[in-house]
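*Asks:*
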Amino acid sequence: MSLSKSLNKNVFEIAGHVIQPGERIQFDLPTANLYTHAPLNMPIEVIHGKYSGPILLICAAIHGDELNGVEIIRRVRSFRGIDKLHGTLVLVPVVNLFGFIHQSRYLPDRRDLNRSFPGSEKGSIASRVAYKFFNEIVQHCTHIIDLHTAAVNRDNLPQIRAALENHEVKKLAKSFSIPVIINSELIENTLRYEAGKLGIPVITYESGEALRLSEKCIVTGVRGIVSAMRVLGMLPSKRIATVKAEPYVARSSSWFRAPLDGLFRPLCSLGARVKRGDTLGVISAPFSSEEEVLTANSDGIIICLSNLPLVNEGEALFHIARFEKASAVESEIAAHESNIEEDRLFEIESVLSTEI
Ligand SMILES: [Zn+2]
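Here it is in structure tokens:
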């Protein structure tokens, strides 16, 4: 999409705030109160461009312990020249404030916020937070990139998850320009499902571990967002070199589960290609000399790995995605990783001086 040349004559109104073209503001969205009467306010930044264009919501920490996205958003907002964008950026680095404070995925009612959309005005705390976010913020945007990591004790290869049967969603997924896309089914009450029902294309960037920051996952995410914003016509086409990758869509994916209880040691890494019969890892019984070798029951690429050695039978250890051309995907992942490692955005100062 080419850049719109038309000056933005319209103010942008969101959650009771009126933002002039060329203006950026921060505000707190009140969502619910804790029983201490302390308010759970969601911090939000809006950058309303001088030129018209899409309204892109980038949000993170819907699961409060998933931190890579918080840092990704901080870097996107810090780019020099980000306020010259075409269109509007709505940045919500921490959707689940309570979980973020408590280093937890959940809210005090133990509900998963990403199963609570579109929420209800009078429901449990998760429903009320979801309702406010959905009604005051989500519905005012034209595109959404939702940032996640694996659940605690797991590590995700950087990947996009999206429901690709929708043309606009597929375009957004590919525009992120990373090697692995999972065509993932929509689950009711998730942000992707409920915003999708309103016709808003949503993609999820999954990368890294809960409660950890990974520079590789962060830089990949920042580069992916810049790439998507260029395709959406929100940023000038490259003043700086991009880190691009050929995106491959998985045919399917499945979990390899522990066949017995014990101590688990993985013997393959994220992004590796495995073939049926290859050794994936070992489970040993702590009080015997027995060891069970885990062998792959299908070909594919490892896209998620458990990093907790204590396992019970049935627990998910490896998420394996199947592709038409697995060897091409493996090479693309390796090439993309080394490009990202050499990227100057690995030094945070270059974000602050990089004109995008
Ligand atoms: Zn998540």
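Going by my numbering, the sequence shown opens with residue 825, and the numbers climb by one from there. Cβ atoms here follow ideal geometry from the backbone N, Cα and C, with glycine treated the same way.
Just to confirm my understanding: we take arginine 1146, look at its own chain, exclude 5 residues before and 5 after, and list those with CB closer than 7 Å. What are they?
*Replies:* Sequence index remark: in the sequence shown, residue 1146 carries index 322 (1-based). Contacts found: Ala1074, Arg1075, Ser1076, Ser1077, Ser1122, Asp1123, Gly1124.
*Asks:* Let me know if lysine 956 comes out buried or exposed under the rule of 16 or more other beta-carbons within 10 Å of its beta-carbon.
*Replies:* Locating residue 956 in the sequence shown gives position 132, where the first residue counts as 1. Buried, because 16 or more other Cβ atoms sit within 10 Å of the Cβ of lysine 956.
*Asks:* If you measure from the CB of isoleucine 961, is any heavy atom of ligand 1 nearer than 7 Å?
*Replies:* Along the sequence shown, one-based indexing puts residue 961 at 137. Result no, Cβ not under 7 Å from ligand 1.
*Asks:* In chain order, what residues of the same chain lie with their CB nearer than 8 Å to the CB of valine 918, ignoring the 5 residues before and after it?
*Replies:* For this step, residue 918 is matched to residue 94 along the sequence shown. The residues are Met866, Pro867, Ala884, Ala885, Gly888, Val894, Phe924.
*Asks:* Just reading off the beta strand (DSSP E) that tyrosine 875 is part of, what are its end residues?
*Replies:* Counting from one through the sequence shown, the residue named residue 875 turns up at place 51. Where tyrosine 875 is concerned, the enclosing beta strand (DSSP E) stretches over 875-884.
*Asks:* Is it right to say asparagine 892 is buried, meaning 16 or more other beta carbons lie within 10 angstroms of its own, or is it exposed?
*Replies:* Within the sequence shown, residue 892 is the residue found at index 68, counting from 1. Label assigned to asparagine 892: buried.
*Asks:* Less than 8 Å between the CB atoms is what I'm expecting for phenylalanine 1111 and leucine 1129, so what's the real figure, rounded?
*Replies:* Within the sequence shown, numbered from 1, the residue matching residue 1111 stands at position 287. Within the sequence shown, numbered from 1, the residue matching residue 1129 stands at position 305. Actually they are not in contact, since the Cβ atoms of phenylalanine 1111 and leucine 1129 sit about 26 Å apart, beyond 8 Å.
*Asks:* Nearest-angstrom Cα distance between serine 1031 and valine 835?
*Replies:* Here residue 1031 corresponds to residue number 207 of the sequence shown, with the count starting at 1. Here residue 835 corresponds to residue number 11 of the sequence shown, with the count starting at 1. For serine 1031 and valine 835, the distance between alpha carbons rounds to 35 Å.
*Asks:* Contact between the stretch 1019-1031 and the stretch 988-1001: three or more CB pairs below 8 Å?
*Replies:* They touch, by the three-pair rule.
*Asks:* Pick from Tyr930, Asn920, His964, Pro878: whose alpha carbon is nearest that of valine 842?
*Replies:* Sequence index remark: in the sequence shown, residue 842 carries index 18 (1-based). Here the closest residue by C-alpha is His964.
*Asks:* Starting from glutamate 945, follow its DSSP beta bridges and name the residues at the other end.
*Replies:* Here residue 945 refers to the residue found at position 121 of the sequence shown. Beta-bridge pairing links glutamate 945 to no other residue.
*Asks:* Is it buried or exposed, glutamine 983, if we count other Cβ atoms within 10 angstroms and call 16 or more buried?
*Replies:* Along the sequence shown, read from residue 1 onward, the residue named residue 983 stands at position 159. Glutamine 983 comes out buried.
*Asks:* Using 10 angstroms around the beta-carbon of valine 1043, count the other beta-carbons present and answer buried if the total reaches 16, otherwise exposed.
*Replies:* As a position in the sequence shown, residue 1043 is number 219, starting the count at 1. Per the 10 Å Cβ criterion, buried.
*Asks:* Would leucine 864 pass as a contact of valine 916 if the rule is Cβ separation under 8 Å?
*Replies:* Position 40 of the sequence shown, counting from 1, holds the residue named residue 864. Position 92 of the sequence shown, counting from 1, holds the residue named residue 916. The answer is no: Cβ separation not under 8 Å.
*Asks:* Should lysine 994 be labelled buried (16 or more other beta-carbon atoms within 10 Å of its own) or exposed?
*Replies:* Taking the first residue of the sequence shown as position 1, residue 994 is located at position 170. Under this definition lysine 994 is a buried residue.
*Asks:* Would the stretch 927-934 count as touching the stretch 871-879 if we require 3 or more Cβ pairs under 8 Å?
*Replies:* Because the criterion of three Cβ pairs below 8 Å is not met, the stretch 927-934 and the stretch 871-879 do not touch.
*Asks:* Which residue's Cα is closest to the Cα of threonine 973: Val1067, Ala1034, Thr855, Val1106?
*Replies:* For the purposes of this step, residue 973 is taken as residue 149 along the sequence shown, with counting starting at 1. That would be Ala1034, whose Cα lies nearest to the Cα of threonine 973.
*Asks:* So glutamate 1156 packs on tyrosine 1072, CB below 8 Å; how close in whole Å?
*Replies:* Here residue 1156 refers to the residue found at position 332 when the sequence shown is read from its first residue. Here residue 1072 refers to the residue found at position 248 when the sequence shown is read from its first residue. About 7 Å; that satisfies the 8 Å criterion.
*Asks:* Looking at C-alpha atoms only, which residue of Thr912, Tyr859, Ile949, Gly943 is the closest neighbour of leucine 1056?
*Replies:* On the sequence shown, position 232 is the one that residue 1056 refers to. Minimum Cα distance to leucine 1056 is reached at Thr912.
*Asks:* Return helix, strand or coil for serine 970, following the three-state DSSP convention.
*Replies:* Working through the sequence shown from its first residue, we reach residue 970 at position 146. Correcting the residue identity first, residue 970 is aspartate in this sequence and not serine. Three-state DSSP puts aspartate 970 in a strand.
*Asks:* Quick one: Cα of arginine 1047 to Cα of leucine 1169, how far?
*Replies:* The residue given as residue 1047 occupies position 223 in the sequence shown. The residue given as residue 1169 occupies position 345 in the sequence shown. Answer to the nearest angstrom: the Cα atoms are 9 Å apart.
*Asks:* Put methionine 1058 into one of helix, strand or coil per three-state DSSP.
*Replies:* Taking the first residue of the sequence shown as 1, we reach residue 1058 at position 234. Residue state, collapsed to three classes: coil.
*Asks:* Mapping DSSP to helix, strand and coil, what is phenylalanine 958?
*Replies:* What you label residue 958 is simply residue 134 of the sequence shown in a count that begins at 1. Phenylalanine 958 falls in the helix class under three-state DSSP.
*Asks:* Got a sec: does ligand 1 put a non-hydrogen atom nearer than 7 Å to the Cβ of glutamate 890?
*Replies:* As a working note, residue 890 is residue 66 in the sequence shown. Within the cutoff, so yes.
*Asks:* Hey, how far is the Cα of aspartate 1167 from the Cα of asparagine 1131?
*Replies:* Start at 1 with the first residue of the sequence shown, and residue 1167 comes out as number 343. Start at 1 with the first residue of the sequence shown, and residue 1131 comes out as number 307. Approximately 27 Å, taken between the alpha carbons.
*Asks:* CB-CB under 6 Å to proline 1133, same chain, minus the five flanking residues each way: which ones, in chain order?
*Replies:* For this step, residue 1133 is matched to residue 309 along the sequence shown. Once the five neighbours on either side are set aside, the close Cβ partners of proline 1133 are Leu1087, Phe1088.
*Asks:* Applying the 10 Å Cβ sphere with the 16-neighbour rule, what's the burial state of serine 1177?
*Replies:* Taking the sequence shown and counting its residues from 1, the one referred to as residue 1177 is at position 353. Serine 1177 is exposed by the Cβ-count criterion.
*Asks:* Output the distance between the C-alpha atoms of leucine 1104 and arginine 1097, rounded to the nearest integer angstrom.
*Replies:* Numbered from its first residue, the sequence shown carries residue 1104 at position 280. Numbered from its first residue, the sequence shown carries residue 1097 at position 273. So the alpha carbons of these two residues sit roughly 11 Å apart.
*Asks:* Excluding five sequence neighbours on each side, which residues of the same chain lie with their C-beta closer than 6 Å to the C-beta of isoleucine 1005?
*Replies:* Within the sequence shown, the letter at position 181 stands for residue 1005. Cβ neighbours of isoleucine 1005 beyond the five flanking positions: Ile984, Ala997, Pro1071, Val1073.
*Asks:* Helix, strand or coil: which one does DSSP assign to phenylalanine 1147?
*Replies:* Here residue 1147 refers to the residue found at position 323 of the sequence shown. Three-state result, phenylalanine 1147: coil.
*Asks:* Using a Cβ-based criterion (distance less than 7 Å to any ligand heavy atom), does histidine 926 qualify as near ligand 1?
*Replies:* Residue mapping note: residue 926 aligns to position 102 of the sequence shown, counting from 1. The answer is no for histidine 926.
*Asks:* Quick check on DSSP: helix, strand or coil for glycine 1048?
*Replies:* Residue 1048 sits at position 224 when you count from the first residue of the sequence shown. It is helical.
*Asks:* Can you give me the C-alpha to C-alpha distance between threonine 966 and lysine 1099, rounded to a whole angstrom?
*Replies:* In the sequence shown, counting from the first residue as 1, residue 966 sits at position 142. In the sequence shown, counting from the first residue as 1, residue 1099 sits at position 275. Looking at the two C-alpha atoms, the distance is approximately 41 Å.
*Asks:* Measure from the alpha carbon of tyrosine 859 to the alpha carbon of each residue in Leu853, Arg904, Ser940, Ile949, then state which is nearest.
*Replies:* Along the sequence shown, one-based indexing puts residue 859 at 35. Selected option, being the one with the closest Cα: Ile949.
*Asks:* What three-state label does DSSP hand glutamine 963 in the structure shown?
*Replies:* Position 139 of the sequence shown, counted from the first residue, corresponds to residue 963. It is helical.
*Asks:* Restricting to Cα atoms, I'd like to know which of Ile1024, Ala1082, Ser1051 is closest to lysine 1068.
*Replies:* As a position in the sequence shown, residue 1068 is number 244, starting the count at 1. Considering only alpha carbons, the answer is Ser1051.
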